[in-house]
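This report refers to the structure that appears directly beneath it.
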Amino acid sequence: MLQKLWKGPALAAVTAAALVAGQARAESGIDMENKVVTIGAFTPITGPVPFYAVLTHAAESYFKMLNDSGEVDGWTFNYITKDDGYDPARSVATARSLVEDDDIFALAAPIGTATNVAVIPYARESGVPIIGPVGGSSQFFEVPAVFPLLPDYGWSAGSSAEYAVNGLGHSKIAILWENDELGKSAKRGFDLVMADLGIEPVESIPFDVKTTSFSAHIRRIQNSGAETVLLYGSNANLAAALKAADLQGVDAAWFAPFFTADPSTLKLAGDLLEGVYFSSWLLPVSSDEPEVVAYRESVAKYFPNDPVGVLGLNGWSNAALFHKGFQLLLDSGDEITRDNLVKAMNTMTDAAVGGARGVTFSADDHRGTRQEGIIQYKDGEFVLVREFQPYPEVAFNAAKGE
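As numbered in mature numbering (1 follows the signal peptide of the UniProt record, and there is no 0), residues -26 to -1, 1 to 376 make up the sequence shown, in order.
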């Protein structure tokens, strides 16, 4: 009976309306007529790490550059950013606002490890992809619509530990780790590599991201006799730890994550940064590669008061990841939907993405960056002291549960 009632023009009209409604939902954040894609990010303008704004400024400069050039088949990028104070609870609310109030197509280069991890459940629920979360966690590799450019911090910490042992000949190694997903990821990889090397860490000490005094932590480091100290936390955390170590006369090699090899850290730590090592998945900021040259020129144009450094190149490269994925989607000829963006991202192979190289994704492997070098701050410059090498296998494979 119902089939008879819904035959003919009435059925056609309802079906057409349903298709239109379905298309509108699928194309959230897409203005086909004006060729505009709206994307967004949460970022810590306030809170404990306001200098991370440099990351977002660099991402903004990337999209401004594209908009000025018109090189993406005439498409322009409406990039909306909102402050979350680097507070995971606020990050979820901010992401919700971007999706439900601003109608974004995807999150592009949102800032923070713990903050992005907190947003994943909502992103899955709402169907919004996260392209280029600026953070390092193995959880990013487990979600079909999350595409991390950054390595898991465990790979970086593992690379640093391996270099301390095999490159510096040290066996007494300690780790200071931020007590959130950033530091916990670093500790997991560090522990795996240390166990693989047959060495027991002399200390493993957590700290809060808001920590400004490291006196007690450094006393434990001093008492342990550590020859190498790895610190996985913010630029401010590293500077504070170096100052405490200087006051207490600690003589050790220091290692920190790539994003702290930056003028913002130098401003905080001064001469204490001399000799510090950093793991790095990015080309040097001084590189003559076209993508890195474009970063320096664009930041100088759009944000002339921002320092040019690895922090900015990181944000720039994560913005580039969305661009590369969106271009793959356009080239595919498929309808511009979130699902098809994910499909296109999974075809990216050995791509140059901003300051990164060899970036590859597939449907069952979202480990985008696959190699890292070691750089050191020496005589006023960040210099490469160990060429790029694959990550320690035991840590790299752990990200996929292998």
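A virtual CB, placed ideally from N, CA and C, is assigned to each residue, including glycine.
| field | Closest Cα partner of V73 within the set I85, S134 and S2 | value | It is S2 whose Cα lies nearest to the Cα of V73.
| Since I104 and A97 are thought to touch, with beta carbons under 8 Å apart, how far apart are those beta carbons, to the nearest angstrom? | 5 Å
| field | Distance, W151 Cα to P180 Cα | value | 5 Å
| field | Residues near N288 in its chain [Cβ-Cβ closer than 7 Å; skip 5 each side] | value | L29, V108, F233 and L256
| query | Cα separation between G249 and G223? | reply | 15 Å
| Which value, in whole angstroms, describes the spacing of the CA atoms of V359 and A294? | Using only the alpha carbons, I get a separation of about 27 Å.
| said: Three or more C-beta pairs under 8 Å: does that hold for the segment 266 to 275 against the segment 80 to 98? | reply: no
| Excluding sequence positions up to five away, which residues of its chain have a Cβ less than 6 Å from the Cβ of T50? | V10 and N41
| Buried or exposed (CB count within 10 angstroms, at least 16 for buried), G172 | exposed
| request: Grab me the residues of Q301's own chain with a C-beta within less than 7 Å of its C-beta, minus the 5 sequence neighbours each way, in chain order. | output: Around Q301, the same chain offers V46 as residues with beta carbons nearer than 7 Å, after the five sequence neighbours per side are excluded.
| query | Of the choices K241, E367 and S260, whose alpha-carbon is the least far from that of V284? | reply | Across the set K241, E367 and S260, the C-alpha of S260 shows the shortest separation from the C-alpha of V284.
| field | Assigned secondary structure, G3 (DSSP; H/G/I helix, E/B strand, else coil) | value | coil
| C-alpha gap between E155 and Y206, whole angstroms | Taking the straight line joining both Cα atoms gives about 11 Å.
| said: Count Cβ pairs between the segment 121 to 131 and the segment 178 to 194 that sit closer than 8 Å; are there 3 or more? | reply: no
| task | Express the C-alpha separation of E174 and E346 in angstroms, rounding to a whole number. | result | 24 Å
| task | Would you list the residues sitting across from K352 in a DSSP beta bridge? | result | E355
| said: Buried or exposed, going by whether 16 or more other CB atoms sit within 10 Å of the CB of residue 406? | reply: Coverage of the chain is limited to positions -26 through 376, which leaves residue 406 absent and any answer about it impossible.
| message | At the level of alpha carbons, what is the spacing between M6 and A200? | response | Approximately 59 Å between the Cα atoms of the pair.
| request: Please list the segments of the alpha helix (DSSP H) lying wholly inside the segment 153 to 201, counting only runs of 4 or more residues, in order along the chain. | output: 155 to 171 and 189 to 198
| said: For a quick check, are the C-beta atoms of P125 and F115 less than 8 Å apart? | reply: no
| task | Let me know the secondary structure DSSP gives W228 once reduced to three states. | result | strand
| Under the three-state DSSP convention, the category K146 falls into | coil
| request: Would you decide whether residue 377 is buried or exposed? Buried here means 16 or more other CB atoms lie within 10 Å of its CB. | output: In the structure displayed, the chain extends from -26 to 376; residue 377 sits before or after that span and is not available.
| Where DSSP assigns a beta bridge to R360, which residues make up the other side? | I348
| query | Between G(-5) and T311, what straight-line distance do the alpha-carbon atoms span, to the nearest angstrom? | reply | Because the pLDDT at G(-5) is just 42, under 50, the model does not fix this residue reliably, and the value given afterwards should be weighed accordingly. The straight-line gap from Cα to Cα measures roughly 11 Å.
| Quick one: what does DSSP say S134 is sitting in, helix, strand or coil? | Helix at S134.
| field | Nearest-angstrom Cα separation, counted from D220 out to E263 | value | Cα to Cα, E263 sits roughly 37 Å from D220.
| Whether V368 touches D76 by CB criterion (8 Å) | Their beta carbons are not under 8 Å apart, which means V368 does not touch D76 by this criterion.
| said: At the level of alpha carbons, what is the spacing between V203 and N314? | reply: Using only the alpha carbons, I get a separation of about 44 Å.
| Classification of P258 by the beta-carbon crowding that lies within 10 angstroms, buried from 16 upward | buried
| said: Once DSSP output is grouped into helix, strand and coil, what is the label at L260? | reply: Note that residue 260 is Ser in the sequence shown, not Leu. Reduced to three states, the DSSP call for S260 is coil.
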